[in-house]
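Protein chains in written order, with this note's numbering: chain B, 1 to 587; chain H, 1 to 158.
Heads up, the beta-carbon is just placed ideally off N, CA and C, and yes, glycines get one too.
Reading through the structure tokens given below for one structure.
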Amino acid sequence: MKDKKTTGKADEPEQPGRTGAQCVIDGLVKAGCEVLFGYPGGAVLDIFNCIYDAPFNFVLTRHEQGAVHMADGYARATGRPGCCLVTSGPGATNTVTGLATAYMDGIPLVCFTGQVALNMIGNDAFQEADVIGITRPVTKYNFLVRSADELPEIIAKAFHIATTGKPGPVVVDIPKNVQKQMTVATTPEKVTMRAYKPDVEINPEELKDFAEMINAASRPLLYAGGGLITAGASGLLAELARKANMPVCTTLMALGAFPEDDPLALRMVGMHGSVAANYAIDHCDLLISAGARFDDRVTGKISSFAARAKIVHIDIDRSSINKSVHAHLGVHGDLRKVLDAVTPLVRPAAHEEWMGQVAQWKERFPFAYQGREGELMPQYVIEQIYEVSGGKAVVTTDVGQNQMWAAQFFRYTRPRTFISSGGLGTMGFGLPACIGAQFGRRDELAVCITGDGGVQMNFQELVVAVEHRLPIVVVILNNGYLGMVRQWQELFYSKRYSGVMLSQSGRAPNEQIQDKGGYLPDFIKMAEAHGANARRITRAEEVTPALKEAFESRQTWVIECIISPEANVYPMIPPGSHVAEMINHTV
Amino acid sequence: MKHIINCLVENQPGVLARIVGLISGRGYNIETLNVGPTADPTVSKMTIVVPGDANIIAQVTHQLSKQPDVIEVVNMTNRRHLDRELILLRVAAANHHDRAEIVDLAALFMARVVGVQTESVTIQMAGNQETVADFLRLLKPYKLIDISRSGVIAVGRD
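Okay, structure coming up:
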């Protein structure tokens, strides 16, 4: 028996082990967490007490949504799981949009939420919400922790589930009393879950058929999606593309996964994709989907999508194959392994006629725009961001026109340099994601391309960039409109601009709030109030010097560009339409 | 067509909600759902009857399979199996004549009369989906006071 007197603490009851709150820190450290984004509250006080001397950085965001988007941006920029921590009730419900954003795009992150004590659950306690119920449809998995004894293993499982298979967000909901409980349980070295088997055995028959289809094709096309970046298989895809001389188009999520300056690159496919990419989809006789999921923004009208092609769909997620488009061959497995195994079975080919056709489309229909007299064109701004940065930047976007212009007029050549909410289409994502990305990639130039609508949805997070001296550059393309919605109203609703005017002049009668006109808020004052450098530009010749100054300063900058108010994104294939109905006012 | 899907899941809180939410959240219908323990106390078996074409059923099966709580998913409809549903029903039998007919009918379906009241009889009946439907159709002329159905359960055969 131990002689307690020697410790000098004889009167204290011996409490072996660690508290649940300490287990959270241990689990994060074990998972390699280097930065935790979060916001405190009553139900996570015990965890914050341990964060006080934790061996990783804690970043206090200004809204829980910002915390999740930062963790998300960090994960997209680095490939490592993002980590965030919020309190119960409103803290947790504020994460829902961020979780759904990450879920739709398959981004690994673990979100810890505080919960009221176990015996209070279901009592409508203060700041109680059924977080497990609310987050179930927007997470890959979620856990309610019932005892500190199971906490270390749950955290290890959470990171395992978040980062394996098709990645996704995982919520760990920890009641306040569990944070205080003592346990001797420790984080396991290895996680085993009998029902969760992310490793897929590739069927050799499928591989053989796949190779044969490539060898038999005369007009093959690779259609690369975000899964290519997740799998880290960019190099392998390029190898296959070059061996069999197959052109490559990419989804929005895959920008950068195949270098856009490569002769085989057709660039982005889909509603606002390049003419060449969409024509190639329409004309190819073999379409190989590598980590893409036939989103409706890519396919348009399903029945006429790639109508002349045999379709091969490679996906780690079995439920993705045949979900929206019938695949003639489904190859279920990890993209790295599939590409690695199939390339040796593929014969080199020239596909001269096809390559000639594709080259002609590329030549004839590059992304282009027509200038408007006396107006600053948003496309020009993006081109200059590309030029001034030398094409070396991590670009995050909001959603809508700014996102599409950023996709079209910058050329992405490296994976994890284009960060955007593709599936959910979350406005307010760009700024916090840019901050998260910069935390993960300190040596990169991080640029957020946003609009005057989206940036207002999480503007408060600019403080975080300034506080942490992050040299992010936020470029606001201000057209005074919710531009993409306005574009749809222009094209499909007879220009009845309803609910899209951020400036106050010209609004429908029931939206008018004052007749003075003018634009609020003043983004320059706002940026300066948050401690950032700011500049407003209105003319093309101001763009390059402003960007140069901002990029070279290594400080937080906001550059507001007053752009052509009614510039549209073209080409555009109207929703649910065939490529033949493409609107292209640039040629 | 209706499909009977057997799903072995971790016997843990929240799993039922997850499975039901998954199916309803994607717009599929659940016709019946039955959950019970298995020989292994850590595993529960869910039997889900889902109407839909082959594509819908394939989607449901794949979506279920990828859940971290789901150990195995088997579409029983595609293989040799036995399925049964248990129904308890109370039928009005106001006079001796009606009662005799109902009891006869029950006997033909190997259903048991488990309760007799002055103006009704209570019947327990088990059968596959077809037999249950036939039995209920033949009972149409009588007034059904109440019915409880267990939902389909199924077991594979060699």
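Any non-hydrogen atom of the ligand MG within 7 angstroms of B/Asp-334 CB = Absence of the ligand MG is noted for the structure shown, with no ligands found whatsoever.
So is H/Pro-41 buried or exposed if we call it buried at 16+ other beta carbons inside 10 Å?
-> Classification of H/Pro-41: exposed, given that the 10 Å Cβ count is below 16.
Drop a sphere of 10 angstroms on the beta-carbon of B/Pro-575, count the other beta-carbons inside from all chains shown, and report buried for 16 or more, exposed for fewer.
-> When all chains shown are included, B/Pro-575 counts as exposed.
Cα-Cα separation, B/Ala-368 to B/Lys-362 | Roughly 12 angstroms separates the two Cα atoms.
If we cut at 8 angstroms on Cβ distances, does H/Ile-30 have a partner in chain B?
-> It does not; no Cβ of chain B falls within 8 angstroms.
Please classify B/Val-543: does DSSP put it in a helix, a strand, or coil?
-> For B/Val-543, the secondary structure class from DSSP, reduced to helix, strand or coil, is helix.
Would you say H/Lys-66 reaches chain B, if we count a Cβ-Cβ gap shorter than 8 angstroms as a contact?
-> Taking 8 angstroms as the CB threshold, H/Lys-66 lines the interface with chain B.
Grouping DSSP H, G and I as helix and E and B as strand, with all else coil, what is B/Tyr-74?
-> Reduced to three states, the DSSP call for B/Tyr-74 is helix.
Give the residues of chain H in contact with B/Leu-144, contact being defined as C-beta atoms less than 9 angstroms apart.
-> Result: Pro-13, Gly-14.
Beta-carbon neighbours of H/Ala-133, restricted to chain B and to distances below 8 angstroms = Going along chain B, no residue has its Cβ under 8 angstroms from H/Ala-133, so there is no contact; the nearest lies around 32 angstroms.
How long is the line joining the alpha carbons of B/Val-473 and B/Thr-450, rounded to whole angstroms?
-> Computed Cα separation, rounded: 11 angstroms.
Who are H/Arg-98's beta bridge partners in DSSP?
-> A small correction: the amino acid at residue 98 of chain H is Asp; Arg does not occupy that position in the sequence shown. Answer by DSSP bridge pairing: none, since H/Asp-98 is not bridged.
Skipping 5 residues on each side, what residues in its chain have a beta carbon closer than 7 angstroms to that of B/Pro-415?
-> Around B/Pro-415: Ile-229, Ser-234, Gly-256, Ala-257.
For the beta strand (DSSP E) that B/Thr-396 lies in, which residues bound it at each end?
-> First-last of the beta strand (DSSP E) with B/Thr-396: 394-397.
Using a Cβ-Cβ cut-off of 7 angstroms (strictly less than) and excluding sequence neighbours within five positions of B/Val-325, which residues of its own chain qualify?
-> Excluding residues up to 5 positions away in sequence, Phe-294, Thr-299, Ile-302, Phe-305, Ile-311 lie with their Cβ nearer than 7 angstroms to the Cβ of B/Val-325 in the same chain.
Assuming B/Met-404 contacts B/His-272 under a Cβ cut-off of 8 angstroms, what Cβ separation, rounded to an integer in Å, is found between them?
-> Right, their Cβ atoms sit about 4 angstroms apart.
Nearest chain B C-beta to H/His-3 closer than 8 angstroms, yes or no?
-> No, its Cβ sits nowhere closer than 8 angstroms to a Cβ of chain B.
Determine contact between the region 374-393 of chain B and the region 457-469 of chain B, defined as no fewer than three beta-carbon pairs at a distance below 8 angstroms.
-> Cβ pair count under 8 angstroms is below three, so no.
Jot down the residue ranges of each uninterrupted beta strand (DSSP E) in the region 259-287 of chain B, minimum 3 residues, whole runs only, in chain order.
-> You should have 265-268.
Interface residues of chain H around B/Met-194 at Cβ under 7 angstroms?
-> Checking the sequence, you will find Arg at residue 194 of chain B rather than Met. Residues of chain H passing the Cβ test: Ile-71.
Is DSSP giving B/Val-184 helix, strand or coil here?
-> Secondary structure of B/Val-184 (DSSP, three-state): coil.
State the CB to CB distance for the pair H/Leu-138 and H/Leu-105, rounded to an integer number of angstroms; the pair is presumed to be in contact (CB under 8 angstroms).
-> The Cβ separation is near 6 angstroms, so the contact holds.
What are the residues of the region 89-117 of chain B that lie near chain H, defined by any Cβ-Cβ distance shorter than 7 angstroms?
-> Residues passing the 7 angstroms Cβ filter: none.
Indicate the three-state DSSP secondary structure (helix, strand or coil) for H/Ala-126 in the structure shown.
-> Strand, per DSSP.
With distances taken Cα to Cα, identify the nearest neighbour of B/Pro-55 among B/Pro-188, B/Val-24, B/Pro-40.
-> For the residues B/Pro-188, B/Val-24, B/Pro-40, the minimum Cα distance to B/Pro-55 belongs to B/Val-24.
Any Cβ of chain H within less than 8 angstroms of the Cβ of B/Lys-323?
-> Cβ-Cβ to chain H under 8 angstroms: yes for B/Lys-323.
Could you tell me which of B/Val-131, B/Arg-136, B/Glu-511, B/Val-475 sits nearest to B/Ile-382, measuring between CA atoms?
-> B/Val-475 is the residue among B/Val-131, B/Arg-136, B/Glu-511, B/Val-475 whose C-alpha sits nearest the C-alpha of B/Ile-382.
Round the Cβ separation of H/Ser-44 and H/Pro-51 to the nearest angstrom and send it over; I've been treating them as touching at under 8 angstroms.
-> Incorrect: roughly 23 angstroms between the Cβ atoms, too far for contact.
Near B/Arg-136, what residues of its chain come up, given a Cβ to Cβ distance below 8 angstroms and the 5 sequence neighbours on each side ignored?
-> Closer than 8 angstroms at the Cβ level, and outside the excluded window around B/Arg-136, lie Asn-142.
DSSP state of H/Pro-37 mapped onto helix, strand, coil = Strand at H/Pro-37.
Where does B/Lys-243 sit, in a helix, a strand or coil, going by DSSP?
-> In the structure shown, B/Lys-243 sits in a helix (DSSP, three-state: H, G or I).
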